[in-house]
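Asks:
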Amino acid sequence: MVKEANDLTVSNQISTGDDASRTKGQLAPWRSPLSRALHRNRALAYARYGQLATVRADGRPANRTVVFRGFLDQPDGLDWNGLKFICDRRSAKVAELEANPWAELCWYFPKTREQFRLAGKVAIALDGQDTLGPVRQQTWEAISANAQTSFYWPEPGQPRAEQAAFERQEQPVEANQSSLPPDDFVLLVLQPLEVDHLELRGEPQNRWRYSQTEERAWQSLEVNP
Ligand SMILES: Cc1cc2nc3c(=O)[nH]c(=O)nc-3n(C[C@H](O)[C@H](O)[C@H](O)COP(=O)(O)O)c2cc1C
Numbered sequence: 012m013v014k015e016a017n018d019l020t021v022s023n024q025i026s027t028g029d030d031a032s033r034t035k036g037q038l039a040p041w042r043s044p045l046s047r048a049l050h051r052n053r054a055l056a057y058a059r060y061g062q063l064a065t066v067r068a069d070g071r072p073a074n075r076t077v078v079f080r081g082f083l084d085q086p087d088g089l090d091w092n093g094l095k096f097i098c099d100r101r102s103a104k105v106a107e108l109e110a111n112p113w114a115e116l117c118w119y120f121p122k123t124r125e126q127f128r129l130a131g132k133v134a135i136a137l138d139g140q141d142t143l144g145p146v147r148q149q150t151w152e153a154i155s156a157n158a159q160t161s162f163y164w165p166e167p168g169q170p171r172a173e174q175a176a177f178e179r180q181e182q183p184v185e186a187n188q189s190s191l192p193p194d195d196f197v198l199l200v201l202q203p204l205e206v207d208h209l210e211l212r213g214e215p216q217n218r219w220r221y222s223q224t225e226e227r228a229w230q231s232l233e234v235n236p
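For what it's worth, the numbering used here labels the leading residue of the sequence shown as 12, then goes sequentially.
(1) For Glu152, is the classification buried or exposed, using 16 other Cβ atoms within 10 angstroms of its Cβ as the cut-off for buried?
(2) Are the CB atoms of Leu201 and Leu137 nearer to each other than 8 Å?
(3) Using only the heavy atoms of ligand 1, determine whether one of them is closer than 7 Å to the beta carbon of Ala103.
(4) Three-state secondary structure (DSSP) at Thr150?
(5) Name the one or two DSSP bridge partners that Lys95 has.
(6) Verify the contact flag: Gly139, CB atom, against every heavy atom of ligand 1, threshold strictly below 7 Å.
(7) What's the C-alpha gap between Phe10 and Ser46?
(8) Under 8 Å, do Glu205 and Tyr221 count as touching if we go by C-beta distance?
(9) Between Leu198 and Ala114, how many whole angstroms is the CB-CB distance? I'm expecting something under 8 Å.
The structure is reproduced here in structure tokens:
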């Protein structure tokens, strides 16, 4: 199931019909500078960490570091240009995103000294029953055994549990046999609708704003830093 707030379904969120055929297969214009930044900063493991901000029930912001898990491209033939993240279903961010799918990722690349701010809606893949199910499964298989184990830990944010509760392991998976992700394993996909790219190099610095129009076409504008 892909869950979203306000009863929006995924098909409400992404292009359908004529729109889809127009945008199908097209990379958003910010993809190329972002991919370049990832490539040029590839030696820095922490260049794959961004800060994902959400909105709490009381309207206050919530922000935390997350690891970028790659782009989601057309799992269903539609153009997502999505960014993948994983998290625990029991973590606060999931409830926040269920109530309000808007989020912003702020991402700094130290080597090239540039910042991307990607704002959009987040789709939440909770199980294997929908379009994102296979992607959720692949993402589960791609993470380390250690990272997998953390999804069997006691509930995040609750008072610290006994050490033994962290040592319970799932049955080891036999070689060449992939395991199904546990229910608490969630795939988040941020679908940017607005991207702000600031490059500190240069005098003056360089800044571009990308936004998606009502018709789902992308507009690019070079703006003052
Ligand atoms: C370097 C780093 C990477 C992290 N990566 C993730 C991640 O990919 N997913 C995640 O849910 N939490 C990640 N965390 C933990 C979150 O920052 C946060 O503490 C946790 O998810 C609870 O957030 P929440 O209560 O707002 O949901 C990471 C923390 C650090 C310091």
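Cβ coordinates follow ideal geometry from the N, Cα and C atoms, glycine included.
Replies: Per the coordinate set shown:
(1) exposed
(2) no
(3) yes
(4) helix
(5) Val200
(6) no
(7) Only positions 12 to 236 of the chain appear in the structure, and residue 10 is not among them; the question remains open.
(8) yes
(9) Incorrect: roughly 14 Å between the Cβ atoms, too far for contact.
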